[in-house]
Amino acid sequence: MYLGLFCSDTYNVKQQLRYLILILAVMLTTLCASIAFAVDTGAQFGLIGGASVPDAANTHQYLLYGIKGSTFASENLTIGGYYLISNNGTQAAPDGFNYSLIGVQACYQLPAGTGETFLGVRAGITKLNVMPVGTTTELVMSPYHYGIFVGHDYLIREWLLLGFEGSYIHAETGRATSGGTNYIRDSFNIINFLVSIQVRI
28 MYLGLFCSDT YNVKQQLRYL ILILAVMLTT LCASIAFAVD TGAQFGLIGG
78 ASVPDAANTH QYLLYGIKGS TFASENLTIG GYYLISNNGT QAAPDGFNYS
128 LIGVQACYQL PAGTGETFLG VRAGITKLNV MPVGTTTELV MSPYHYGIFV
178 GHDYLIREWL LLGFEGSYIH AETGRATSGG TNYIRDSFNI INFLVSIQVR
228 I
């Protein structure tokens, strides 16, 4: 069992600032890449967020939010990336467990009604933040994750999309070493229900 509290309010602020800077960096990189590859095929980019429920021990529902972007590799196939971070949960876990997901995705899209229905796969790195019992330093673990997602984008305007999606993500076992001691966090699964707003260029 872990003990989880952040060291101070200042530490929390620094963590959030780091997350914000990373989000902005990924946002800029994804946007530039999308524009570069979208000359003939088009691309879309925007914000995403909603409920996230991991089945890891002693965790509850989380808020997951971030960005995603993709470009059309063909008429129906898109490739892109995402960066999502969680809060500390509706009830903080005893070890301060929270996570972020960054990776790449491939998606097959089909016109349906006033928008597009999509089915895809995601894979990337999970950043786990935990504070084990007997330590005063937060540990960071970086296991791989992979999963599937399905949803629908509604075409509000030619350039504006409102999307809804559900996804299943499996995170591998996390490992870290501190003070000569090895710590292990068991693998777990995450169910996400997310809403997105995207601009198509």
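Numbering of the sequence shown is given in my numbering, commencing with residue 28 and proceeding in unit increments.
C-beta: ideal position from N, C-alpha, C; glycine also.
As the structure is a prediction and not an experimental result, all values here were calculated from the model.
For the beta strand (DSSP E) holding residue i, just list the boundary residues, first then last.
| i | result |
| --- | --- |
| isoleucine 152 | 142-157 |
| proline 138 | 125-139 |
| threonine 200 | Premise fails: threonine 200 is in no beta strand (DSSP E) and is neither H nor E. |
Can the beta-carbon of residue i be found less than 7 Å from the beta-carbon of residue j?
| i | j | result |
| --- | --- | --- |
| tyrosine 92 | threonine 141 | no |
| glycine 131 | isoleucine 218 | For clarity, residue 131 is valine in the given sequence; the question names glycine instead. In this structure, isoleucine 218 does not lie closer than 7 Å to valine 131 by Cβ. |
| asparagine 216 | aspartate 122 | no |
| glycine 108 | glutamine 225 | no |
| valine 148 | phenylalanine 191 | no |
| glycine 201 | leucine 146 | no |
| alanine 133 | isoleucine 106 | yes |
| isoleucine 129 | isoleucine 152 | yes |
Between the alpha carbons of residue i and residue j, how many angstroms are there, rounded?
| i | j | result |
| --- | --- | --- |
| alanine 65 | glycine 193 | Below a pLDDT of 50, predicted positions are generally treated as unreliable, and alanine 65, at 45, falls in that range; no measurement from the model is reported. |
| histidine 172 | arginine 184 | 34 Å |
| glutamate 102 | threonine 144 | 14 Å |
| alanine 119 | alanine 198 | 20 Å |
| isoleucine 112 | serine 127 | 4 Å |
| phenylalanine 176 | glycine 207 | 39 Å |
| glutamate 165 | proline 159 | 8 Å |
| tryptophan 186 | glutamine 71 | 9 Å |
| serine 214 | threonine 98 | 31 Å |
| glutamine 88 | leucine 137 | 31 Å |
| threonine 204 | leucine 189 | 43 Å |
| tyrosine 29 | methionine 168 | Confidence is the limiting factor: at tyrosine 29 the pLDDT is only 36, short of 50, which leaves the residue's position unreliable, though a coordinate-based value still follows. Approximately 14 Å, taken between the alpha carbons. |
| asparagine 115 | isoleucine 228 | 34 Å |
Quick check on residue i: does DSSP put it in helix, strand or coil?
| i | result |
| --- | --- |
| threonine 98 | strand |
| valine 160 | coil |
| alanine 15 | As shown, the chain starts at 28 and ends at 228. That puts residue 15 outside it, with no answer to give. |
| isoleucine 228 | coil |
| glycine 76 | strand |
| tyrosine 38 | Note on tyrosine 38: pLDDT 49, under 50, position unreliable in the model; the coordinate value appears next. Note: tyrosine 38 maps to helix in three-state DSSP. |
| glycine 69 | coil |
Report the start-end ranges of each beta strand (DSSP E) in the segment 168-192 that is 3 residues or longer and not cut off at the edges.
171-184
Segments of 3+ residues assigned as beta strand (DSSP E) that fall wholly inside the segment 98-122
104-113
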